[in-house]
Every structure is written in structure tokens, then in C-alpha cells.
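Each residue of the sequence shown is one higher than the one before, counting from 423 in the numbering used here. Quick reminder that beta carbons are idealized off the backbone N, C-alpha and C, glycines included. Quantities reported herein were computed from a predicted structural model and do not represent experimental measurements.
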Amino acid sequence: MDDDAQRDSRMLLNASHGIGPVIFSRLMASFENNPARIISALDSELLKVNGIGKNTIESMREKISSGWLDKEKQKMEKMGAQFIHTNQLPEHLEQLMDPPTGLYTLGEVPKSPCISIVGTRYPSNYGKKFARKIAFELAKSGICIVSGMARGIDSEAHWGALEAEGSTMAFLGSGIDIVYPPENLELYKKIQVSGAILSEFPIGRRADRRTFPMRNRLVAGVSLGVLVIESAKSGGSMITAKFAAEQGRTVFSLPGRIDHPESQGCLDLIRDGATLIRNTHDILEELKPMLQETKLSNVSLSGSLLQDCPTIDEKEQQIMQVFSDGERYDTEDLQRSTKLTLSEIIPSITMLEIRGMVTKRPDGKYEGNL
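So, in C-alpha cells, the structure goes:
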């Protein structure tokens, strides 16, 4: 079966009422893993599949007779969107128990290992600061930042990755053409340049109570780990963390104040076994074995991700040379010793700290781990 026929069949089935990822998997198992065979099957054959009723069959037939597929493809062409499936999907998604039938995409799906960052739509300054900082540092390390482009922590995470000139992906709970919240239009456009916008819902589909949990399972499933920053006891972030745990992904949680309502979910996660993190280095240390196993071709595992065989640039070498005497230095000391500017020192010392090559002490000074 050629790719165009497979893509078209999957798009049509994906848009049919009552055919979600689980029902689609049952249909594929019953019809020789051939989506075109499903579309051409007799009603009597389709009704034998658990979960398929007359309404679902009528929806599929209506999509065929109305020319829905041609109209959808015209909309996609106008937007510059694609529909990807099977081995074109981001790594790990096809391994899910309920993988997406396919995904609408805008932009180019990064090949880097992914970490998802999620949290409240109404973060404190503390939450905003650490969401953006950790996303920035992870993206600088070659990791793709994944979130849902919602207000709050999601947006901060995406912006952090963009500021680092790294890659980021946003999974939407609506059709790929719907920008929500509307103030994220600029973010929506920038993500397409540095990564991809993705959705498993047809163009024009509005978000509802069903679509957000479906989106959250993909945010969890595409990543090596999920970091939760500020979450109440219930809500989308906790659902994403639950999906991550069920899928065997690592769940990270940034602790917050015990008297802050938006910290209660994170504290519950830590109590129940999530990995408490204090900084980016904690995440990289925890994921180091998995990053070593992936050996992804576009990520230099001997450089920015793993600290045991670091490859550092010229500015970082200058800074490490200062630490060779075993003394501790603050950024002003480093400026005097290296002749580098503060704007050059800050990102360099941050990367050295992420790699575990220097440690920041409580007094604000750094020391080398030589």
C-alpha cells in the first residue's frame, strides 16, 4: 500500500465519529493492518469489530460521499500542513498502547530527545522563572522542549527553548489551525520555525473536555520525562503526570511552598515517588542512562548532554582554566581573569554548571569540579 493511500485512509478514519486511537487499532487488527481495506469493507464486516456501531459507519460513509478528504487536503495545502503517521511520528509515540492514527503538523518535527514541561495556567513569578530557565538550559543541551502551548507554564517553557535557539514542539487540544490562547499567535508562529505544532484532530476541531486528555497523553508519551512546575491537586498537569507514570516515563517535580495552592500537586507527586529536582542538572543526571542509550545522530552526547566526556567551547575553556588553581570565583572575578564580558560569562558558566563541571555555592561563588 503506497504512502499516499495510507495517509488518506488514516485521515478519513481519524475524522470519522467514534473512531479514536483504540477503535482504530481494533479495526487495523481486523483488516490486515490496511486502512484502505477498512474503508472498503462491508457494513456487516465492520459491525463485527467491538466498538463499531451504525453511527460510526454512517459518519465514515458521509465523509467519503461529501468529498471531505479533498477539502481537508486543500486546507492543509493552504496552511502548509502535513499529516504524518506510523514511522513518521515523533519517536516513542508509536510505542503507546493507543498511538495516534496520525498527526497534523506545521513545521519540522525535531529528532532530538524530548522532555515535557507542564504546569498551571496561572503561575507565580517563581514558576515562570524556573519554567523558562530550565527549558532554556535543556534546549541549550540539545533537548527538545515539549508542552501544550497553554497560558502559564506551557508558554514559558516554549519561550525558554526559543530564547536558547533550541527546538520545541507544541501539541494542541484542537485543530492545528486554532490558536489558543489568541495572545500566543506570535509563539505559535515561532514554534513552527524552531520545531513543530502538532495535533491529532482535524482542521477546525474545537477543544473540549475529551480533546485535552488525549493531547496530554501525547505530551507525556513523546518524552523521556515530564517535569511538572506548579500544579494544583487536579488538572491537566496532573493528568499528564499520570499518563507519564503509566507509560513508564520519568516524572519530575519542582517543589514549591507548602502553603501555596498551586504547589500542592507537585508536592503530592514528590510524596508519591516523583523525582524532586532543584535544577537542570538534576534532570540530566537522572536521564543520563537513557540519553546514552538513544545515541541520536543529531545530538552530541559527548558534548552538552553528558558530563563524563565534555566538549567545551573556547569561552568555557577560558573559564575552566581560571578554576585550575582550586579557588572559588564569582562572575566579577571571572570577568577580571578571563577578560570576557558578563554576557559571555553567564551562559558559559550556566552550561558548565549543567554539565557538572562547576558548582555554584550558597555564597554565590563558583568552584570547579576538577
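Leaving out five residues on either side along the sequence, give the residues of the same chain with a beta carbon under 6 Å from the beta carbon of Ser685.
Residue 685 sits at position 263 when you count from the first residue of the sequence shown. Once the five neighbours on either side are set aside, the close Cβ partners of Ser685 are Gly678 and Arg679.
In three-state DSSP terms, what is Ile619?
On the sequence shown, position 197 is the one that residue 619 refers to. Of the three classes helix, strand and coil, the one that applies to Ile619 here is strand, per DSSP.
State the DSSP-derived secondary structure class of Glu530, mapped to helix, strand or coil.
Position 108 of the sequence shown holds residue 530. Glu530: coil per DSSP, three-state reduction.
Okay, do the stretch 496–514 and the stretch 590–602 touch, 3+ Cβ pairs below 8 Å being the bar?
Enough Cβ pairs lie closer than 8 Å, so yes.
Between the Cα of Arg783 and the Cα atoms of Arg671, Thr753, Asn606 and Arg632, which residue gives the shortest distance?
Position 361 of the sequence shown, counted from the start, is the residue given in the question as residue 783. It is Thr753.
Return the CA-CA distance between Phe558 and Val601, expressed in angstroms with no decimal places.
The residue you call residue 558 lines up with position 136 of the sequence shown. The residue you call residue 601 lines up with position 179 of the sequence shown. So the alpha carbons of these two residues sit roughly 23 Å apart.
Between the stretch 444–454 and the stretch 524–535, do at least 3 Cβ pairs fall closer than 8 Å?
Contact fails: fewer than three Cβ-Cβ distances are below 8 Å.
May I ask you to verify whether the stretch 645–654 touches the stretch 535–542, counting CB pairs closer than 8 Å and requiring at least 3?
Touching, yes, given that three or more Cβ pairs across the two stretches are closer than 8 Å.
How many angstroms separate the CA atom of His703 from the CA atom of Pro521?
Here residue 703 refers to the residue found at position 281 when the sequence shown is read from its first residue. Here residue 521 refers to the residue found at position 99 when the sequence shown is read from its first residue. Between His703 and Pro521, the C-alpha separation is close to 31 Å.
Whole angstroms are fine: how far does the CA of Leu525 sit from the CA of Gly440?
To locate residue 440, count along the sequence shown from 1; it is residue 18. To locate residue 525, count along the sequence shown from 1; it is residue 103. Computed Cα separation, rounded: 17 Å.
Taking the straight line between their C-alpha atoms, what separation do you get for Ser770 and Glu738?
As a first step, residue 770 is located in the sequence shown; it is residue number 348 there, counting from the start. As a first step, residue 738 is located in the sequence shown; it is residue number 316 there, counting from the start. Whole-angstrom Cα-Cα distance: 6 Å.
Tell me which same chain residues have a C-beta within less than 7 Å of the C-beta of Ser645, skipping the five on either side of it?
Counted from its first residue, the sequence shown places residue 645 at position 223. Answer for Ser645: Cys536, Ile537, Ser538, Val568 and Arg671, listed in chain order.
Please identify the residue among Arg631, Thr697, Leu528 and Ser653 whose C-alpha is closest to the C-alpha of Gly617.
Walking along the sequence shown from the start, residue 617 turns up at place 195. Of the candidates Arg631, Thr697, Leu528 and Ser653, the one whose C-alpha sits nearest the C-alpha of Gly617 is Leu528.
Cutting at 7 Å between CB atoms, please list the residues of its own chain near Leu718, excluding the five before and the five after it.
The residue given as residue 718 occupies position 296 in the sequence shown. The pLDDT assigned to Leu718 is 42, lower than 50, so where the model puts this residue is not dependable; a value taken from the coordinates is nonetheless given after this. For Leu718, where only same-chain residues beyond five positions count, the Cβ hits under 7 Å are Lys533, Ser534 and Pro535.
I need the straight-line Cα distance from Ile734 to Gln740, nearest angstrom please.
One-based indexing of the sequence shown puts residue 734 at position 312. One-based indexing of the sequence shown puts residue 740 at position 318. Approximately 10 Å between the Cα atoms of the pair.
Quick one: measure Cβ to Cβ for Glu766 and Val780, integer angstroms, because I've assumed they're closer than 8 Å.
Position 344 of the sequence shown, counted from the start, is the residue given in the question as residue 766. Position 358 of the sequence shown, counted from the start, is the residue given in the question as residue 780. Incorrect: roughly 15 Å between the Cβ atoms, too far for contact.
CB-CB under 8 Å to Arg628, same chain, minus the five flanking residues each way: which ones, in chain order?
In the sequence shown, the residue the question calls residue 628 occupies position 206. Excluding sequence neighbours, Arg628 sits near Ser596, Gly597 and Ile600.
CB Leu756 to CB Val744, shorter than 8 Å?
The residue labelled residue 756 in the question sits at position 334 within the sequence shown. The residue labelled residue 744 in the question sits at position 322 within the sequence shown. Closer than 8 Å, so yes.
Quick one, are the C-beta atoms of Trp490 and Ala427 less than 8 Å apart?
Counting from 1 along the sequence shown, the entry for residue 490 is found at position 68. Counting from 1 along the sequence shown, the entry for residue 427 is found at position 5. Going by C-beta atoms, Trp490 is not nearer than 8 Å to Ala427.
My output table needs one value for Phe453: the three-state DSSP class, helix, strand or coil.
Taking the first residue of the sequence shown as position 1, residue 453 is located at position 31. Three-state result, Phe453: coil.
Using the C-alpha atoms, what's the distance from Leu709 back to Gly725?
Residue 725 sits at position 303 when you count from the first residue of the sequence shown. Residue 709 sits at position 287 when you count from the first residue of the sequence shown. Residue placement at Gly725 is flagged as unreliable, the pLDDT there being 39, under the threshold of 50; a coordinate-derived value is accordingly withheld.
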